[in-house]
Structure formats: C-alpha cells, structure tokens
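*Asks:* Chains as they are written, first to last, in the working numbering: chain R, 129 to 424; chain E, 129 to 424. One structure follows; several queries about it will come next.
Number of protein chains: 2
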Amino acid sequence: MLKVGYIGLGLMGKPIAKNILKAGFQLMVHNRSRGAVDELVALGAESASSPAEMAARVDMIFTNLPNSPDVEMVTLGKDGVIESGNSGLICVDNSTIKPATARKLAEALGKKGIEFLDAPVSGGEIGAQNGTLTIMVGGSEHALEKVRPVLNVIGKTITHVGASGTGQIAKAANQIMVAAQMVAMGELLILAKKSGADPEKVVAAISAGAAQCWALDHKPQRLFAGERQPGFKAIMQLKDMNIVMETAREYGIPLPLTAITTQLYAAMCEMGMEALDNSAVIGVIEKLAGVKLQPD
Amino acid sequence: MLKVGYIGLGLMGKPIAKNILKAGFQLMVHNRSRGAVDELVALGAESASSPAEMAARVDMIFTNLPNSPDVEMVTLGKDGVIESGNSGLICVDNSTIKPATARKLAEALGKKGIEFLDAPVSGGEIGAQNGTLTIMVGGSEHALEKVRPVLNVIGKTITHVGASGTGQIAKAANQIMVAAQMVAMGELLILAKKSGADPEKVVAAISAGAAQCWALDHKPQRLFAGERQPGFKAIMQLKDMNIVMETAREYGIPLPLTAITTQLYAAMCEMGMEALDNSAVIGVIEKLAGVKLQPD
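Okay, structure coming up:
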C-alpha cells in the first residue's frame, strides 16, 4: 500500500487530499494552520508535525503551497523534506511556482536520491473536488509512473511535458491563455453593454464559433447573475501572471499581450477586487468605461 | 421561389453564393471583377450589371464586401440598391463593417420601405464552403424570418442579437476574443519554445483545461507543420480590429487588451506578413523574442 504525504491543505490541497484518502491510500498530512489537518485526521489521515517527519515515513510527498519560496522552505529549509528524506522518495509539487525554482529543487533533492516532479494543476476548486484537474508534469518518466496511481485520483488529464521545470512552463502557458480569455471576455461584454447590444445575446451569437473558449463557456452566466466570487481568486491569478512575466524576462521573451493582462490583474487587486474570481477582471473594464454589466 | 441576389464574390462570398445556388434558390450575382461572375453563371446563376438592376429583380440582396465604404457605395451610391429597390426588398449584409454604418444603411433604406439586416459571419473560408458559418443578425425579427431559409443554407448558428447594428457589435465582440486567442497562442508557444519545453507537449497539456479554445483546438498543428497560409488573412483581421477600436472610441470604451492585439496585427502587416493566416501573428512574437517556432 502506497503511503502518501500531502503538505498544504488550502483551497486546492484540501479537496485533493480528501480524494487521495477516499481512493484508499494511506495519507499523512501537514499544514501551517491546524483546522484542515483536524478535518483530514477525522477522515482517517495521520498528522505529521513537520515535512521532515513526514519524509521519513511516506513513499511520496505532494506539496500545494502559495508560491515559490513556500515550496522551497518546506523542501530544502529547516525541518524540510531534504533533512530526512531517503533515496527513492518522490516529491510531487502541485503548486504553481517558477520553473527555475522547480529545476533548483529537482537538482538539490536529486543529490540525495530524492526525485522531484513539478506537477502544477489547472481546473480550480471544482476540478480539485471532482478529481478532474489537468496536471502538467515535468521530471522523469520513471518517477511519474510511480506516482501515476495517485495522480489518476486527482486529475483527468495527465501530460508528461518533459524535463524538470517544463510542467511549470506548461502552467505558465496555460495562464497566458486563461488571462487573455478572461480579459477579452470582460472587454467584449462591456463593448456590448455600452453600445446597446444585449451582452447575453452577444455571447449566444459568438460562443459556438471561432471565439469559443472555456471562459465564454463557463463564466458569462455567473457574471450575468451578479456572481463574482471565486472560483479562482484574482490575487492568485496575479501571482501566476507575475511568475509568467518573471520567467519570460529570464528567457528574454517579450510578451506584449501578457504584460497587459498582468497589469489589468494588478489594477484589479489594487482596486480592492483581489478576493474575487479571475473572471471579475471585467470590473476593471467597467471602471475604465464608466458602465456596469448589470445594476448593483 | 425566392429570388436571391448576391453582391461580392470574394473569398467568402463565392462559396456562400454557390451554396445558395446548390440549395435550389434562383440566384443573381454581381461582382467588380468578372471571373467569379462567369463561374457562378456557368453553374446556373444570372448576372446583374449593377446593384440597381439586381434590386429591381430579386426578393433579397446579400452583400459581402471588404469594408464599410464598399457596402455603403453598393447600397446608397450611384447605381446602388436604393435607386430601384422597391418596398419589401430585404438587404442582408454578410460583410464585417462598422456598426454605425449598418445603422445608417438601415435608416436610409428604411425610408424607402427596404429592410436591412446586418448579418456578419464567422467561421472563415472553410465555414463558408461547408455552410457552417456563425451568423450574427441585427435588425427586425420579421425580416430575419423572411431570409432565414437562405441563412440556413450558409450557416449553422444563426442568432438574432437585436436592433440594427447589434449583429456588427457581436462580430466586433467575436474579433476581440479571436485576436486575444491568436496572440496568446503565439506568446505561449514562443515561451515554451525559448524556455526549452516542447511546444507540442505544452499544447497537449493545456488544451483540455481552462485554456481550451477554438484557436488552440485548430491552429497549433498547422503552425507545427510550418503552415501559415490563410484561413483568414491577417490584413482582414487588422481591418476588423480597426473597426472594433473605432467603435470602442465612438462609445467611449477603453479596451487595453484589444488595443495591444490590434497593434500586433498592425505590426504583422507592416512586417510583410499581411497575406498570412491570422494565427501567423506568432511571427511578430518570434521577431520580438529572436526565436522561431521551427527551423526554416
């Protein structure tokens, strides 16, 4: 029986950990705040007092943390996985972090015989709950095959992209497109609204053609109903966009469109909308155009 | 038997006219250059020497012309439809033109009892050939019902958006999203390429998740094969983007993302890539980043 560790029981991590438990794996969890740990323990998980303690007792450790430094701390820091992890342990990072950090972790852990997979996910809280996430994997095929039984529980589409870091590159690519769709949706809905066309009819007219996309398929009905709660928080979208832009800078890749979508998410957060859904970036366009999609 | 007129037998108009003919309608055609007219006449269409001549002899006239002034000339100009069109005639404009021009034409024709529908299409040459276009209609429901038997032959999705001009607003909305998808696709493919990830694997990893869209579903395989021919020409995409930006300016709607995609299509055309497919806007990102998706 595979022993699985999960570190980071947040919006995404908690439902993922629950699905791993439900599928019958032995689960050990660790989290900064206690509430989510107690919840998982009540369902049958064990609790680990530190990543190091966990590393000595499981076959693989998943991490799902806010940003690059968090994953680095839990992995390479004090009481981190590297302190007690033995050769053969596999670390699988479900967080969205910098590709450069993923490669650094893979290298450092590799020296102790610990394998590292960057395995960021897409599909949001609902995908995490339903076990239908898209998982983009960078690292060795060999390690991927060992953790695949667990990944199959978390996600529907699992793609091995290539060497360490390429899973995070795929996630960056994903966020380039997601942000473009969300902002374009905001712009076209406000164009319709302010020019006197019915935004719902406009969406109906275009969503079966070349404009078809995930955002137009899933978000307009929520926006028309005045629903702007996450889903996927704007502040996390902005964090991901900053990773994209930093990575693009490292590789010398000017990204004019992504620069703009990043700035609009930055504006959204500065305007106090950081806790809303990423589709609520339409709120920035509303303020620029002085018109609202629907009455307050 | 409905008598149908079609003016403008270009890349889109010619296959549409052929489909109308194939469906059994009586067809009369008019076009600036003679070649396409002869082709349609050989298939059984009649030829009209001018829009005015056509207007006296058909029940409805479709137009499919490059830009706003062309449609205005054919409709309201010398030897135009308005000169001999009788009350009850219906004009259906399949071109992509300014919403403001569509409203102007509707008003001018309306004074003579001629109805006008703006009915721009999306779906490209292939959609025109297969009769699977998306049609966005502005104007009266009454006129739409009269021309619907013909529209059913040219398109798969027909949506009545609202009053005159709203069909063109929907097309503008469509182009906001299409341009965003195309440019974002270019940026993410070049990010993958230059950072050492396999662009094909990256597309495979993300295209079933929240990044899913028409562009990622249809264009990457062509780009990977080095195929950048249209499809839908960049110069026409730029024309449409200029309509979007002009319309946004008229209504006082700042569109930061669309301003950028418009500029990138402008750059593409200035760089000599105006006759390539709209997905070939990746060529601009390639030049900015100093890297090509695949060897020459």
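By construction, the Cβ of each residue, glycine as well, lies at the ideal position given by its N, Cα and C atoms.
DSSP has Glu-243/R in a bridge; who is on the other side?
*Replies:* Its beta-bridge partners are Ile-218/R.
*Asks:* Does the stretch 279-286 of chain E come close enough to the stretch 313-333 of chain E to have 3 or more Cβ pairs within less than 8 Å?
*Replies:* Result no; under three Cβ-Cβ pairs closer than 8 Å.
*Asks:* Can you find a C-beta in chain E that's less than 7 Å from the C-beta of Gly-283/R?
*Replies:* Chain E, which has no Cβ nearer than 7 Å to the Cβ of Gly-283/R, makes this no.
*Asks:* Do Ala-271/E and Thr-389/E count as a contact pair if the criterion is CB distance below 7 Å?
*Replies:* No, Cβ-Cβ distance for Thr-389/E and Ala-271/E is not below 7 Å.
*Asks:* Contact check, Lys-131/E vs Val-186/E under 8 Å by CB: the rounded distance?
*Replies:* With a Cβ gap of about 4 Å, Lys-131/E and Val-186/E count as contacting.
*Asks:* May I ask you to list the residues that DSSP assigns as paired with His-158/R?
*Replies:* DSSP lists Ile-135/R as partners of His-158/R.
*Asks:* In its own chain, which residues sit with a C-beta less than 8 Å from the C-beta of Lys-322/R, not counting the 5 before and 5 after it?
*Replies:* Excluding positions up to five away in sequence, the list reads Ala-417 and Val-419.
*Asks:* Quick check on Phe-190/R: does DSSP put it in helix, strand or coil?
*Replies:* In this structure, Phe-190/R counts as strand in the three-state DSSP scheme.
*Asks:* By DSSP, does Leu-404/E sit in helix, in strand, or in coil?
*Replies:* Residue state, collapsed to three classes: coil.
*Asks:* Where does Gly-216/E land, buried or exposed, given buried means 16+ other C-beta within 10 angstroms?
*Replies:* Under this definition Gly-216/E is an exposed residue.
*Asks:* Figure out for me which residue from Gly-293/R, Ile-144/R and Thr-224/R has the closest Cα to the Cα of Leu-193/R.
*Replies:* It is Thr-224/R.
*Asks:* Are the stretch 143-156 of chain E and the stretch 389-407 of chain R touching by the rule of at least three beta carbon pairs closer than 8 Å?
*Replies:* No, because fewer than three Cβ pairs between the stretch 143-156 of chain E and the stretch 389-407 of chain R fall closer than 8 Å, the two stretches do not touch.
*Asks:* Would you please state the rounded distance, in angstroms, between the beta carbons of Ala-362/E and Leu-319/E? I believe it to be under 8 Å.
*Replies:* Wrong, their Cβ atoms sit about 21 Å apart, outside the cutoff.
*Asks:* How many angstroms separate the CA atom of Ile-254/R from the CA atom of Val-311/E?
*Replies:* Computed Cα separation, rounded: 28 Å.
*Asks:* Using beta-carbon positions only, say whether Val-169/E and Ser-175/E come within less than 7 Å of one another.
*Replies:* Contact flag set, yes.
*Asks:* At 4 residues or longer, what runs of the alpha helix (DSSP H) sit wholly inside the stretch 248-330 of chain R?
*Replies:* Fully enclosed alpha helix (DSSP H) runs of 4 or longer: 252-258, 269-282 and 294-322.
*Asks:* Is Thr-229/R near Met-264/R, with beta carbons less than 7 Å apart?
*Replies:* No; because the gap between Cβ atoms is not below 7 Å, this pair is not in contact.
*Asks:* Do Ile-135/R and Thr-191/R have their CB atoms nearer than 7 Å?
*Replies:* Their beta carbons are under 7 Å apart, which means Ile-135/R touches Thr-191/R by this criterion.
*Asks:* Helix, strand or coil: how does DSSP classify Lys-142/R here?
*Replies:* Here Lys-142/R sits in helix by DSSP.
*Asks:* Could you please give the first and the last residue of the uninterrupted alpha helix (DSSP H) stretch that includes Glu-181/R?
*Replies:* First-last of the alpha helix (DSSP H) with Glu-181/R: 179-183.
*Asks:* Report, in whole angstroms, the separation of the C-beta atoms of Val-209/E and Ala-234/E, which I expect to be a contact under 8 Å.
*Replies:* That belief does not hold up - the Cβ atoms of Val-209/E and Ala-234/E are roughly 13 Å apart, past 8 Å.
*Asks:* If we ignore side chains and look at the alpha-carbon of each, how far apart do Val-409/R and Glu-243/R end up?
*Replies:* Roughly 38 Å between the two C-alpha positions.
*Asks:* Report the CB separation of Gln-365/R from Asn-302/R in whole angstroms; it is logged as a contact under 8 Å.
*Replies:* Not really, about 11 Å apart at Cβ, beyond 8 Å.
*Asks:* Buried or exposed: Leu-155/R, going by 16 or more other Cβ atoms within 10 Å of its Cβ?
*Replies:* Buried: at least 16 other Cβ atoms inside 10 Å.
*Asks:* So, for Asn-159/R: in the same chain, excluding its five sequence neighbours on each side, which residues have a beta-carbon less than 6 Å away from its beta-carbon?
*Replies:* Excluding residues within five positions, the ones whose Cβ falls inside 6 Å are Leu-137 and Val-165.
*Asks:* According to DSSP, which residues form a beta bridge with Cys-341/R?
*Replies:* In DSSP, Cys-341/R forms a bridge with Cys-341/E.
*Asks:* Using a C-beta cutoff of 7 Å, does Tyr-393/E count as contacting chain R?
*Replies:* It does not: the Cβ of Tyr-393/E has no partner Cβ on chain R nearer than 7 Å.
*Asks:* Using 7 Å as the threshold, is the C-beta distance between Thr-315/R and Leu-385/E below it?
*Replies:* At residue 315/R the sequence reads Glu, which differs from the Thr that was named. Result yes, Cβ atoms of Glu-315/R and Leu-385/E sit closer than 7 Å.
*Asks:* Between Ala-236/R and the rest of its own chain, which residues show a CB-CB distance below 6 Å, the 5 nearest in sequence each way excluded?
*Replies:* These residues qualify, in order along the chain: Leu-204.
*Asks:* Please name the residue or residues paired with Glu-167/R in a DSSP beta bridge.
*Replies:* Beta-bridge pairing links Glu-167/R to no other residue.
*Asks:* In terms of residue numbering, what span does the alpha helix (DSSP H) encompassing Ile-410/E cover?
*Replies:* Here the alpha helix (DSSP H) through Ile-410/E covers 410-417.
*Asks:* Flag this pair as yes or no: are the beta carbons of Ile-371/E and Lys-226/E separated by less than 7 Å?
*Replies:* Yes, Cβ-Cβ distance for Ile-371/E and Lys-226/E is below 7 Å.
*Asks:* At 9 Å on the CB atoms, spell out the chain E contacts of Asn-302/R, in chain order.
*Replies:* Leu-316, Val-330, Ala-333, Ile-334, Gly-337, Ala-338 and Ala-339, listed in chain order.
*Asks:* Which partner residues does Ser-196/E have in the DSSP bridge list?
*Replies:* None, per the DSSP bridge assignment.
*Asks:* Have a look at Pro-358/R, Ala-247/R and Ala-376/R and flag the residue whose alpha-carbon is nearest the alpha-carbon of Gly-293/R.
*Replies:* Measuring from the Cα of Gly-293/R, the nearest candidate turns out to be Ala-247/R.
*Asks:* If you run the structure through DSSP and keep just helix, strand and coil, what is Glu-355/R?
*Replies:* Three-state result, Glu-355/R: coil.
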